[in-house]
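To start, the structure under review is shown below, and the notes come after it.
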Amino acid sequence: MPELPEVETIARGLAKRVTGDVIDSVWLGRKKEPLKSPAAAIASTLENSRIAAVRRMGKHIVFDLDRPQPAPQPANGRRAKPEPANSQWIVHLGMTGRMQLCEPQAEIEKHTHAILKLSSGRELRFVDPRRFGRLSVTTSAEFAGLEPLEIDLDRFISLFRRRKTPIKSALLNQKLLRGVGNIYADESLFRAGIRPRRRASTISRDQFTKLHRSVKEVLQEAIARGGSSISDYVDADGEAGFFQLEHRVYGRDGEPCLVCRTPIKRVVIAGRSSHFCPNCQN
Ligand SMILES: [Zn+2]
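Note that the sequence shown covers residues 294 to 575 in my numbering.
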């Protein structure tokens, strides 16, 4: 499942390739699940819009759209109904969703749910075999939670310090920070020396300072690794083989800690498996 760093990488790759392009027409498949907004609304918002920017918000890809200047109205003509000047197309990749940028003659893959014809001649397609991905349009893209890469230390501490829940659960709570997934939470806690089950309210300011730094570090390292594989996500025959951060604890239960050789433990917290070193983390 694409996590924040993967989505950031994909959004950057798309931004480089499609910013400034205009969406000439839109085809949407018959399957209803991928369409979070009505098909007609998606089509009318996207068609004739210019892609002004592509960015990530949480685990969503947001396309900022604007309308090229309307043609001058004839003096006696009726005014056309004004379109909203700025809107957003929001793509959530779900488990298996993929954006494909390709030439129109490229074979249309099974499980293609949307095809945007761009004025540059290329097509931007959304492919999703398992259909947990979602496409929607809005004029006010907003998501709960704060961006983990942007949050400052004081706000970070204030999010967590009164919480009685395990810090691991708090890190995964999308209403607090958006986009931190299971792997990145475990890796951040290891680097900060905090056990995943520690109640957030018992963590010292010093430890929060480390955690604040390690969350950003872990995400930024993963984004940096993704930089070289951007084309995989958006090219015609891209595979979904995501780059990976070198895990220090995640998925290594029973293996020796890379720092102290103590076997890594695995526990389940709020239904999610959590990995930690019983010696390095407390
Ligand atoms: Zn250790």
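Yeah, the Cβ is synthetic: ideal placement off N, Cα and C, and Gly gets one too.
In the DSSP assignment, residue 346 falls within the beta strand (DSSP E) that extends over 343-350. Residue nearest to residue 330 within the set 461, 558, 427 is 427 (criterion: CA-CA distance). Between the segment 413-432 and the segment 443-456, the count of Cβ pairs shorter than 8 Å is below three; the stretches do not touch. Those residues that bring their Cβ nearer than 6 Å to a heavy atom of ligand 1 are 550, 552, 553, 555, 570, 572, 573.
For the pair residue 317 and residue 410, the CB atoms are nearer than the 7 Å cut-off.
Of the other Cβ atoms in all chains shown, fewer than 16 fall within 10 Å of the Cβ of residue 539; this residue is therefore exposed.
In the DSSP assignment, residue 407 falls within the beta strand (DSSP E) that extends over 405-411. In the structure shown, residue 432 adopts coil according to DSSP, grouped into three states. Put simply, the backbone Cα of residue 334 is about 36 Å away from that of residue 513.
Here the C-alpha atom of residue 433 lies approximately 11 Å from the C-alpha atom of residue 383. Remark: C-beta atoms of residue 304 and residue 348 approach each other more closely than 7 Å.
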